[in-house]
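So for the sequence shown, this note's numbering puts the first residue at 886; every next one is plus one. Glycine residues also receive a C-beta, built at the ideal position from the N, C-alpha and C atoms. All values reported here derive from a predicted model rather than from experimental measurement. Worksheet: one structure, shown below.
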Amino acid sequence: MKKIIKSDNAPNPVGPYSQAVMVDKTLYISGQVAINPENNELIIGSIEAESKQIMKNIKSILNQAGYNFNNVVRSKIYLTDMNNFSKVNNIYGSYFQKNQEPARTTIEVSGLPLGVNVEIDMIAVSID
């Protein structure tokens, strides 16, 4: 069964898509950018600030579905500059237990929506 997941503590999508979709016990979280859901303000400039807001948004979506970062099995990070790889890694890695990190791909892209520097999506599953 397909269920749309919507958290009021994460920003509304900037296009025709859902924050996340649950199919059976798998949660597909759409790419998140650094928008503060409290005021819809775009956080841009500091890659660290962008990354922290994105992870906070993802945490809210996971929680809305009854999940947490331990449920994440796959993620993709899109960067406009691979020189930011280690800075994003430091923040991203702080959300996962050591040696329990999900599978991941990091891709450098020529541009991202709203001119942001990083976007992250994730897949999470129920752990019985």
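In DSSP terms, what residue i is bridged to
| i | result |
| --- | --- |
| Q917 | I1005 |
| M907 | K888, L912 |
| E993 | L964 |
| Y927 | The identity of residue 927 in the sequence shown is Leu, whereas the question assumes Tyr. Per DSSP, I920. |
| A950 | Per DSSP, none; premise fails for A950. |
| A988 | R959 |
Segment limits, alpha helix (DSSP H) that includes residue i
| i | result |
| --- | --- |
| S971 | 970-978 |
| L964 | Here L964 belongs to no alpha helix (DSSP H); instead the beta strand (DSSP E) covers 957-964. |
| I1012 | Element bounds for I1012: n/a, residue is neither H nor E. |
Cβ distance (whole Å) where residue i is taken to contact residue j below 8 Å
| i | j | result |
| --- | --- | --- |
| S915 | S903 | 6 Å |
| I946 | I1005 | That belief does not hold up - the Cβ atoms of I946 and I1005 are roughly 11 Å apart, past 8 Å. |
| N935 | V1003 | The identity of residue 935 in the sequence shown is Glu, whereas the question assumes Asn. 5 Å between Cβ atoms; contact. |
| V1001 | A905 | Contact flag wrong, Cβ pair sits at about 19 Å. |
Distance, residue j Cα to residue i Cα
| i | j | result |
| --- | --- | --- |
| S950 | P896 | Looking at the sequence itself, residue 950 is Ala, so the reference to Ser does not match. Near 15 Å, if we compare the C-alpha coordinates of P896 and A950. |
| V973 | K941 | 14 Å |
| V899 | P998 | 8 Å |
| I1012 | L964 | 30 Å |
| N956 | I932 | 25 Å |
| L912 | N969 | 27 Å |
| N894 | G978 | 22 Å |
| T990 | K961 | 5 Å |
| I1008 | S971 | 22 Å |
| N953 | N975 | 19 Å |
Same chain, Cβ closer than 7 Å to residue i, neighbours up to 5 away in sequence not counted
| i | result |
| --- | --- |
| N921 | I928, Q938 |
Close beta carbons around residue i, own chain, < 8 Å, minus the five adjacent residues each side
| i | result |
| --- | --- |
| D909 | M886 |
Close-in-space but distant-in-sequence residues of the same chain around residue i (CB under 6 Å, 5 per side omitted)
| i | result |
| --- | --- |
| K888 | M907 |
| E993 | L964, M967 |
| A988 | R959 |
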